[in-house]
Each structure stands twice: as C-alpha cells, then as structure tokens.
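Line order of the protein sequences matches chains A and B.
Numbering-wise (my numbering), the first sequence opens with residue 856 and increments by one.
Numbering-wise (my numbering), the second sequence opens with residue 404 and increments by one.
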Amino acid sequence: MGNRKLLHTRTIACGLLAAGLLNLFAGCGSRAQQASLSGSAAVSIVNVSYDATREFYEEYNALFQTYWAKKTGQNVEVTQSHGGSGKQARSVLAGNEADVVTLALESDVDELQKAGLTADGWIHQLPSDSAPYTSTIVFLVRKGNPKNIKDWNDVVKSGRQVITPNPKSSGGAKWNFLAAWAYADRLYGGEESKDLAFMKALYRNVSVLDSGSRGAAATFVENGQGDVLLTWENEAFLAMREHPGAFEVVTPSVSILAQPSVAVVHTYAKKHGTEKVAKAYLQYLYSDEAQRLEAQNGYRPTNKKILQEFRRNFDLKVQLVTIADAFGGWSKADQKFFADGAVFDQIYEK
Amino acid sequence: MPAFKKAAQNRVIPGFGLSMGITVSMLSLVVLIPLFSIVVYLSGCSFSAFWQAVTDAKTVAAYRVSLTCSAAAAAVNAVMGTLLAWAFTRYRFPFCRLLNGMIELPFALPTSVAGISLTAMYSEKGWVGSWLSQFGIKISYTTAGITMAMIFIGMPFVVRSIQPVLEKLNPQYEEAALTMGASRTRIFFKILLPELLPAILTGFGLAFSRGLGEYGSVVFIAGNIPYQTQTVPLLIMNQLEQFNDAGATSIALVMILFAFLLLLGMNFIQARVSRIARG
C-alpha cells in the first residue's frame, strides 16, 4: 500500500516534471506551430482574469471545450491566470500575451485600450456592455449574525469590525466603497458632506485593509478577524460552500451592480491567430448553459429568464445602482474617489 | 590614467583587467542599469510631481512605519542573533547541526508563505496569538506584526555575519581574562564585544535594509491601514496598480537613497569600529 502510494507520487512528480519540460519547449515555438504539430488542429488561448473567477472559469473552460470541439472539431486549450484585477491588467500591458481578458473593472480594460491592445469601443462588441454576468456587493457575517448586521447603517455603527480590501489596489474594494457611498447618498439625499462622514465612520471600523479580495476573505474566514466582510456576492457564496454552517450572507437594501468586463485582446489574438476562438470563447459566456453555470457559481446571469430560474439563490429585492447612473462612469468615479488626494485619501487624513 | 595603468601592471597576480571587466559588467547588468532606469524614468516627470509624491502625508507616515519597524526588528535581531551565533559556535547540543541549518530557511522560503503562516499563527485564532490575546496583546495586523515578520526574514543576516567571527575568535583570551579574575560581564564587554561589533553592525545593517524593502511577508501580517500600518513597499504597489508608474518610481527612488545611505553609514561605522578594535 505504502509502496504503491509512493509509486503513485513518483509517477505524478515525473509527470509534472515532464509536463513542465514540455511546456518549456512548447514555449519556444509559436502557438500556431504548436497547433499544426499536434495534428488534431488544437488551439490554445490565454484568459487573464481576476481573483474571484478562478473556480468559475475552471468549470467554464470544460464546457467551452466540449462546445467548440462539437462545433469545429478543434481542441481548445485554455490557460487561466488569476490575481488582483489591476495587477493582471498591468501584466498584459507589460507583455503577458493574453488572448482574452475577463477583468473586474471596465477601467482596467480601458488601460489596455489606451495601449492599443483591445479595440476602441470594445465595450459595445458584446451584449450587456461586454459583461456577461454581473455581481453585487453583499455582507458575509458569522453564523447567527451575532452583531445583527442587516444593512449598511449597521456596518458603520461603532464597535463593528469591518474587513474590506484597499480600493487603491483591489477592484472588488472599489465596488465595496461605491456601494456604501450609493447607500449613504440615498439616505442623505445627495448631501456629500454627510456621505463623507458616513464613509469615515465605515473605514474607522476597518481593522485590516488587505491588498486584494482573496486576502480579505482569508483574513475574515481563516484568521477570524472582524464581524463583517464586504465582498462580492459570488465570493460570499464560495465561502459558504467551503465552510458550511459557519457564515451567513446578508444582502443590503442598496448595493451596486458590478459589471466585470470581458474583452478580446485583439493585438495578441491576431498575433497568435486565435481571434476566432477568442471571440467565440467570450460569446459563449452568454449561452444558456454558460449562464446557468455562472448562476451556480454565484454570479447573476444577464439573461433575465435564467436569473429567474435561480431566484432562490439571489436576493432580487436589492436596489442596484449602476456606475454609469450613480457616478457618471468609471473615469469620473476614479477621479473623484480613488485618485491620489481624492475622497478615499481624505477619509484617512488626520 | 597612466598612474592607474602602472598600478595595474604592478600587481603580482595577473588578471586585473579580467576581474575589473567581470565586476563592472555584472554589476552594471544586474544592479546599476536597473537602478539607473529609475532615474531615467523619473526624468520624464516634473520635479513638483516628484516632490508631491514623495512628501505626501500618507507616504511620510509609511516611511515612518517602515523605518521604525525595520529598525526595531534589526535591533532585536542584533541581540538575539548574537546569542544564537554564540550558542551555535560555543556549545554542542542535540540537533545542533539541524537547528543551525534551519537558520537559513527564511532565505529559501517564499516570503508570502512566511507572511501567511506568521499571520495565522499570531492572529487571535492562531495558537500563539490566542494565548497572547489573553493578556490583551495583539500581534497580527499591528506594527508589532510587521516587526515580527521583519525579525523573521532578517534573522539569518545577523547570525551568519557573526558566526565566522566567533569561530575564529580564540577562547584563550577569555580564559586568560578569567584566570586574572575578570567577571563574565567584563569579559563580554572588554574582549568579546569589540571583536564582534563590526560583524553585529554588518548584520544589523543588512537586516535593516532587508526589512525596509520587504513586501511579501509584511503585506499579509500588516493591517495596511494608511497612517498606521501601511509600509512603503505596499504604497509602491498601490501606485503601480493605479497605473501611476511615476509616483511609484519616485517613492522607490527615495527608498533606494535611504537604503544606500544606511549601508554606507554602516560601512563607515564598521570601518571605524574595526580600526578601534585593532588598536
């Protein structure tokens, strides 16, 4: 038994080593060459994404592979890359040759557009502003909700400990910030000095400001910090699934409609000869099967009918403000809230 | 130039040109050109923008956090590292070699792994942190946590600087002092410390500058709250993620100057100390 186990580990280790070496050699030739070498007209694309989508794209890639093989007879290999959204965009800017990006923020894709990597007007190339699934910001609290947190005004009460990442380094954290601001803005009827005081009270309760959303989740879930985690809805569901019975999800009365953006990185896709499959990869995200998979992974599908199928999973009563309507788009929001010396910095100024 | 050439020709051992070439080209490729590129990058940004980036209140607070924490960590390491080196060179105890080998683990371990494990251990849920929290001591997510991470990654520098010196130090002097009736403390301050001081200072300087630049292990254990527990490397990362490369390089330049002055100062003090020690 012990021997077999050892043998097994060895086989796996050798396999990994061989795969690593193969990759090394494969990396030397262009991907088009690779395709012709392997005979069965295989093609490989790289999807550069952000932290929270890891589990979803693992499942989606399998779904897409079957679909694409059936449709064209071509095997498609998808390589995933995950990390903080801004960091991921930077890596593509610096020459990480992604065929598609599926990032947390429109403004991250805009940076790629400025560098000429994605097409002008990329946001109109796919339905629903190139956001096949949406999400929102919810609260993850400990089982039984001991601090009785129901809405944003409970989060800012003194004595509550809040965990959220830093909007300066995390796309998710920007959504958190704007969701809270949108609530305050409705509460105070647009009086900005009161909104600012609300946000100051909120961030006074923040004891750890992690650099990314996964880090913040670990701080809350694994290290037991804080009473409430402000997080993506899908991340909250993931934490519930991984730790059954330990947490509860609370959906506030007002939150923000988070539209993670997807786009083909034209420059690199053209270079790799993968434009067609890259485009199909993103388009298929809107298919019924993919939309169901998104819902199962805690994302709100843009297809209304399928969203209704999953209405038990999502609190559909929440009022969702959009970045365009409430804040006049990302570039304005970034300027006003997250630039150096802007609102977020003012919150922490002494 | 002729004087320089003459000096080169006067060497007994051949190969001066070769060694000079190796030194300059390697140093250029690996250190000088990358550092110089920061300056070149900055030449495109106006002085007022540079000045604003490096003197921003939040940045200044981050310098303070980084400097005080790494100074504290280096000081703790200087004392504890000396004791460790002493124990390893003068005594033989079970697992001595094994433990001695483990000193370098912080070098080999990915720093983020170190950060995550330290955070888990010292948080209120971890087994050290839960015990400490009974006394109201909080380590993770405070400056104490940052210092702790910096102690972890700086320890090998001090131990490995001191060990060889201690090994070469002849115990005869101590024994002689002892037979002449000197007390243990007197022996330590009059005989051992002067010999060890240059090495301790080297270790201190290395641990200090490593702490200043440390990102991976610190970012997890620090609470990252502006003005309180935000370190300079994190601030640089934040600037980069906001696509503000000029801001990031400005702050980076200041940190390079800090580290350079620090190491230069250490070298200077060390040279003086060893001159005094030699008499």
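For every residue, glycine included, the Cβ atom is placed at its ideal position computed from N, Cα and C.
Fair warning: this is a prediction, and the values are worked out from it, not measured in the lab.
Handout entry: Local conformation of A1113 (chain A) per DSSP, three classes
Key = strand
Problem - Residues that P1156 (chain A) bridges to, as DSSP identifies them - result: A:Y988
Exercise for the section: Could you name the residues of chain A that P629 (chain B) contacts, counting a contact when the two beta carbons are closer than 7 Å? Expected result: Y1203
Practice task
Taking 9 Å as the cut-off, decide whether the C-beta atoms of D954 (chain A) and V1117 (chain A) are in contact.
Solution key: no
Handout entry: Of the residues B:L486, B:T471, B:L508 and B:V657, the one placed nearest L445 (chain B), counting alpha carbons only
Key = B:V657
Exercise for the section: Provide the residue span of the beta strand (DSSP E) that contains L609 (chain B), from first to last. Expected result: Element bounds for L609 (chain B): not the beta strand (DSSP E) but the alpha helix (DSSP H), L596 to G616.
Exercise for the section: Quick one: which unbroken alpha helix (DSSP H) runs of 4-plus residues sit fully inside the segment 415-455 of chain B? Chain order, please. Expected result: 419-430 and 436-446
Problem - For F623 (chain B), the nearest candidate out of B:R613, B:Y630, B:L615 and B:T634 (CA to CA) - result: B:T634
Problem - Near-chain B residues of the segment 1049-1065 of chain A (beta-carbon distance less than 9 Å), N- to C-terminal order - result: Y1058, V1061, S1062, V1063, L1064 and D1065
Practice task
Go through the segment 953-1025 of chain A residue by residue and report every complete run of the alpha helix (DSSP H) that reaches 4 residues or more, in order.
Solution key: 961-969, 982-985 and 1007-1010
Practice task
Output, in chain order, the set of chain B residues within a Cβ distance shorter than 7 Å of R997 (chain A).
Solution key: What R997 (chain A) touches in chain B: nothing, since even the nearest Cβ is about 12 Å away.
Handout entry: Proximity of D1040 (chain A) and A1181 (chain A) at Cβ, strictly below 9 Å
Key = yes
Practice task
Just the C-alpha distance for V1011 (chain A) and M1054 (chain A), rounded to the nearest angstrom, thanks.
Solution key: 8 Å
Practice task
Please classify G884 (chain A): is it buried, with 16 or more other beta-carbons within 10 angstroms of its beta-carbon, or exposed?
Solution key: Note that G884 (chain A) has pLDDT 41, beneath the 50 cutoff, so the model's placement of it is unreliable and no number is given.
Problem - Beta-carbon gap between W977 (chain A) and G1027 (chain A) smaller than 9 Å - result: no
Exercise for the section: Can you check DSSP and say which residues form a bridge with T934 (chain A)? Expected result: A:V901
Problem - Status (buried if at least 16 other CB within 10 Å, exposed otherwise) for L892 (chain A) - result: Its pLDDT being 43, under 50, L892 (chain A) is placed unreliably in this model, and the coordinates cannot settle the point.
Exercise for the section: Check whether the segment 915-928 of chain A touches the segment 607-626 of chain B, counting contact only when three or more Cβ pairs, one atom from each stretch, lie closer than 8 Å. Expected result: no
Exercise for the section: Please check if any C-beta of chain A sits within less than 9 Å of the C-beta of V622 (chain B). Expected result: yes
Handout entry: Where E507 (chain B) falls: helix, strand or coil (DSSP)
Key = coil
Problem - Classification of I603 (chain B) by the beta-carbon crowding that lies within 10 angstroms, buried from 16 upward - result: buried
Practice task
Please check the pair T492 (chain B) and L438 (chain B), which I expect to be a contact at CB under 8 Å, by giving their CB distance rounded to whole angstroms.
Solution key: Contact doesn't hold; Cβ gap of about 37 Å is too wide.
Handout entry: Test item: CB-CB of F919 (chain A) and Y1136 (chain A) under 9 Å
Key = yes
Practice task
Determine the chain A residues that contact F645 (chain B) at a beta-carbon separation under 9 Å, and present them in chain order.
Solution key: Contrary to the premise, residue 645 (chain B) reads as Gln rather than Phe in this sequence. Here the neighbours are G941, K1023, S1024, D1189, F1193, A1194 and D1195.
Problem - Proximal chain B residues relative to Q1016 (chain A), where beta-carbon distance stays under 8 Å - result: Near Q1016 (chain A) there are no residues of chain B at all, since even the closest Cβ is about 11 Å away, more than 8 Å.
Problem - Within chain A, partners of T522 (chain B) - CB distance below 7 Å - result: N1078
Exercise for the section: Using a cut-off of 9 Å between C-beta atoms, extract the partners of Y544 (chain B) located in chain A. Expected result: S1062, V1063, T1074, N1078 and Q1080
Handout entry: Inter-stretch contact (C-beta, 8 Å, three-pair minimum) for the segment 1090-1101 of chain A and the segment 639-648 of chain B
Key = no
Handout entry: Test: L637 (chain B) CB closer than 9 Å to a CB of chain A
Key = yes
Exercise for the section: Could you tell me whether the Cβ of G1070 (chain A) comes closer than 9 Å to any Cβ of chain B? Expected result: yes
Problem - Simplified DSSP assignment, three categories, for E1046 (chain A) - result: coil
Practice task
Could you name the residues that DSSP lists as bridge partners for L1175 (chain A)?
Solution key: A:S1110
Handout entry: Partners in chain A for M640 (chain B), counting only beta-carbon separations shorter than 8 Å
Key = S1024 and S1066
Problem - Contacts around T1122 (chain A), its chain only, beta-carbon distance under 6 Å, and the 5 residues preceding and following it disregarded - result: L972
Handout entry: Buried or exposed (CB count within 10 angstroms, at least 16 for buried), A674 (chain B)
Key = exposed
Practice task
Excluding the 5 residues preceding and the 5 following F1192 (chain A) in the sequence, name in chain order all residues of the same chain whose CB lies nearer than 6 Å to its CB.
Solution key: V1198 and F1199
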